[in-house]
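S.K.:
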Amino acid sequence: MSKPTPISGFPEWSPSQRMIEQYVLDRIRATFELYGFAPLETRAVEPLDQLLRKGETSKEVYVIRRLHDDEAGPAGDDALGLHFDLTVPFARYVLENAGKLQFPFRRYQIQKVWRGERPQEGRYREFVQADIDIVDRDTLGPHHEAEMPLVIGDALRSLPIPEVRIQVNNRKICEGFYRGIGLTDPEAALRAVDKLDKIGPAKVAELLAQTAGASEAQAKACLALAEISAPDASFADAVRALGVTDPLLDEGIEELVRVVETAAEHSPGLCVADLRIARGLDYYTGTVYETQLRGYERYGSICSGGRYDNLASSGAVRFPGVGISIGVTRLLGLLFGTDALEISRDVPTAVLVAVTNEEQRATSNRVAEALRRRGIPTEVSPSAAKFGKQIRYAERRRIPYVWFPGTDGAGDEVKDIRSGDQVAATAEAWTPPAVDLKPLVS
RNA sequence: GUGGCUGUAGCUCAGUUGGCAGAGCACCGGGUUGUGGUCCCGGUUGUCGUGGGUUCAAUUCCCAUCAGUCACCCCA
């Protein structure tokens, strides 16, 4: 059999990288829980028609099929697909369990998602998202839209990563504004404006004319709106200065002011109102979020989301929601790519217990057991090789301590192989400094 | 899904106008007969991404494929 090769877009981190990922996930989870979000995991698959309900994402959904099914198979309503985000499954879950849930319902969900896109740096076909959402019945207070960035800010700022900046906008501002100037296809206009960073104002104006049927004056107005950006409520004055009036526009401004001002009070410098942010997903109806990682802007957003009023509804009952999702795999992939994350050792082990000779292995096992009982991650040397080699085994893995069981009545000793210091110790009492207990991520 | 670029040892890379494949680092052994890292000596790295084709001969030329990367699309 020839050597197996990776599968494009399905990353597999090394143990060191996985330890870093687990650390990151732990911190994110702790922050989510600190804000009172309850854990949820949904199944990996959803009925295909549910996944495709929102249109154009169809081509990136992985369909799942039983090998022994007929070709004709469950082509229709029974066909299953792997979920491509955590919001759609969550909306489905809310509808399915509406009778049992307490509203507003706050939940977090950290799971893999799958998208059949062409991979490149920071883009994968299988990746982890860490998602929080709040849904309510009938109406959802706009203050929830202001809370999302605070949670994310706390979560990301607790990690040893570059600064993040959350860019926020509100769909109502764009749609209201476009309506106010007489544009008929706000979706197309959004799509064009979203490319501002990439292709520049001239090309966006062209696109607006071509795809959204904008006149020269309309295109100019759209660009003027898109170029507004401010870390505080002053963006509202800039919008009003454009002289367009529309009730939806006013509503959007009011909501966005609230988001920006809340963020400014609790987490200065975190959020900026950026009216070019559109978001591809068409189910967003209010606030939308994108997040830039300082130094990695060109790889796109590492954390996005928004408010959706129409994703879940059953009969006359609606469940509006707001959510945001950290692209954990993208975040890590980018940082791994530049060696921007370091871990202090390659295994969880804090102490390697040396084995004097195979006859004495039981002695070493007893030492290890005593240390583990007190919460110190310990392994016993795989061989009774020369001590030099056993030390090297630890060194290669950056295990900080090697334990030497005493022989012929002598006491045990433990050596810090980084400094070379070796001291007398007993397995019932010795404890490493707290910083050495677990691998350190920095 | 469409198009471009790349693919030699664990890592960073040389190389051959087509003639049995190299360096540094890493790794293993020894000097150092049970305490590593420095130093010295010696050694192994490999289906030259994979599969076909052309040729007396292919790592080198051609085609396909896979993987990585970039642009488009879309998005975490």
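In terms of UniProt numbering, the first sequence is residues 1 to 442.
Where a beta carbon is used, it is the ideal one built from N, C-alpha and C, also for glycine.
Nothing here was measured: the structure is a model prediction, and the numbers come from that model.
(1) Give me the residue from His144, Lys112 and Asp49 with the minimum Cα distance to tyrosine 35.
(2) Per DSSP, what are the beta-bridge partners of valine 293 in this structure?
(3) With a threshold of 16 other CB atoms inside 10 Å of the CB of aspartate 26, please say whether the residue is buried or exposed.
(4) With distances taken Cα to Cα, identify the nearest neighbour of aspartate 133 among Phe319, Asp197, Glu60 and Glu369.
(5) Taking arginine 298 as the reference, which of Arg123, Asp185, Pro47 and Val45 has the closest Cα?
(6) DSSP state of isoleucine 134, grouped into three classes?
(7) With DSSP run on the structure shown, which of helix, strand or coil describes serine 313?
(8) Is valine 135 closer than 9 Å to alanine 312 when the C-beta atoms are compared?
(9) Can you grab the Cα-Cα spacing for the pair arginine 397 / isoleucine 417, in whole Å?
(10) Which residues does DSSP list as the beta-bridge partners of aspartate 416?
(11) Tell me which residues share the same chain as glutamate 413 and place their Cβ nearer than 8 Å to its Cβ, disregarding the 5 neighbours each side in the sequence.
(12) CB-CB under 7 Å to valine 441, same chain, minus the five flanking residues each way: which ones, in chain order?
(13) Give the C-beta separation of valine 259 and valine 168 to the nearest angstrom, bearing in mind that I take them to be a contact with Cβ-Cβ under 8 Å.
(14) Tell me where the alpha helix (DSSP H) around valine 113 begins and ends.
(15) Note down, one range per segment and in chain order, each beta strand (DSSP E) of at least 3 residues found wholly within the stretch 240-293.
(16) If you follow the beta strand (DSSP E) that valine 193 is part of, which residue opens it and which one closes it?
(17) Quick test of the definition: if touching needs 3 or more C-beta pairs under 8 Å, does the stretch 223-235 touch the stretch 113-120?
(18) Give the C-beta separation of isoleucine 166 and glycine 153 to the nearest angstrom, bearing in mind that I take them to be a contact with Cβ-Cβ under 8 Å.
(19) Can you name the residues that DSSP bridges to tyrosine 308?
(20) Closer than 8 Å is the cut-off here; do at least three beta carbon pairs connect the stretch 106-117 with the stretch 282-295?
(21) Alpha carbon to alpha carbon, what distance is there between phenylalanine 127 and threonine 245?
(22) Shortest alpha-carbon distance to serine 14 belongs to which of Val347, Thr139 and Ile277?
(23) On the three-state DSSP scale, how would you describe methionine 1?
(24) Nearer than 8 Å: is that true of the beta carbon of glutamate 379 relative to any heavy atom of the ligand ADP?
M.R.: Taking the structure as given:
(1) Of the residues His144, Lys112 and Asp49, the one whose Cα lies closest to the Cα of tyrosine 35 is His144.
(2) Contrary to the premise, residue 293 reads as leucine rather than valine in this sequence. BP columns for leucine 293 point to Val164.
(3) It counts as exposed.
(4) Comparing Cα positions, the closest option is Phe319.
(5) The closest CA to that of arginine 298, considering only Arg123, Asp185, Pro47 and Val45, is found on Arg123.
(6) Correct three-state label for isoleucine 134: strand.
(7) In the three-state reduction of the DSSP assignment, serine 313 falls in the strand class.
(8) Result yes, Cβ atoms of alanine 312 and valine 135 sit closer than 9 Å.
(9) Going from the Cα of arginine 397 to the Cα of isoleucine 417 covers about 12 Å.
(10) Its beta-bridge partners are Tyr401.
(11) The beta carbon of glutamate 413 sits closer than 8 Å to those of Trp403, Phe404, Gly406, Gln422, Val423, Ala424 and Ala425, all from its chain and outside the five residues before and after it, given in chain order.
(12) Counting only Cβ-Cβ distances below 7 Å, and skipping sequence neighbours, we find Ile20, Tyr23, Pro160, Leu341 and Ile343.
(13) Going by Cβ atoms, the distance from valine 259 to valine 168 rounds to 5 Å, so yes, they are a contact pair.
(14) No alpha helix (DSSP H) contains valine 113, which is instead part of the beta strand (DSSP E) from 105-114.
(15) As far as the stretch 240-293 is concerned, its whole beta strand (DSSP E) runs of at least 3 residues are 271-274 and 287-293.
(16) Annotation for valine 193: no beta strand (DSSP E) segment contains it, though the alpha helix (DSSP H) segment containing it runs 186-193.
(17) The stretch 223-235 vs the stretch 113-120: no contact.
(18) The C-beta distance from isoleucine 166 to glycine 153 rounds to 7 Å, short enough to meet the 8 Å contact threshold.
(19) For tyrosine 308, which the question treats as bridged, DSSP gives the partners Gly321.
(20) Touching, no, given that fewer than three Cβ pairs across the two stretches are closer than 8 Å.
(21) When rounded, the distance between both Cα atoms is 42 Å.
(22) Answer by Cα proximity: Val347.
(23) Its pLDDT being 49, under 50, methionine 1 is placed unreliably in this model, and the coordinates cannot settle the point.
(24) The ligand ADP is absent from the structure shown, which contains no ligands of any kind.
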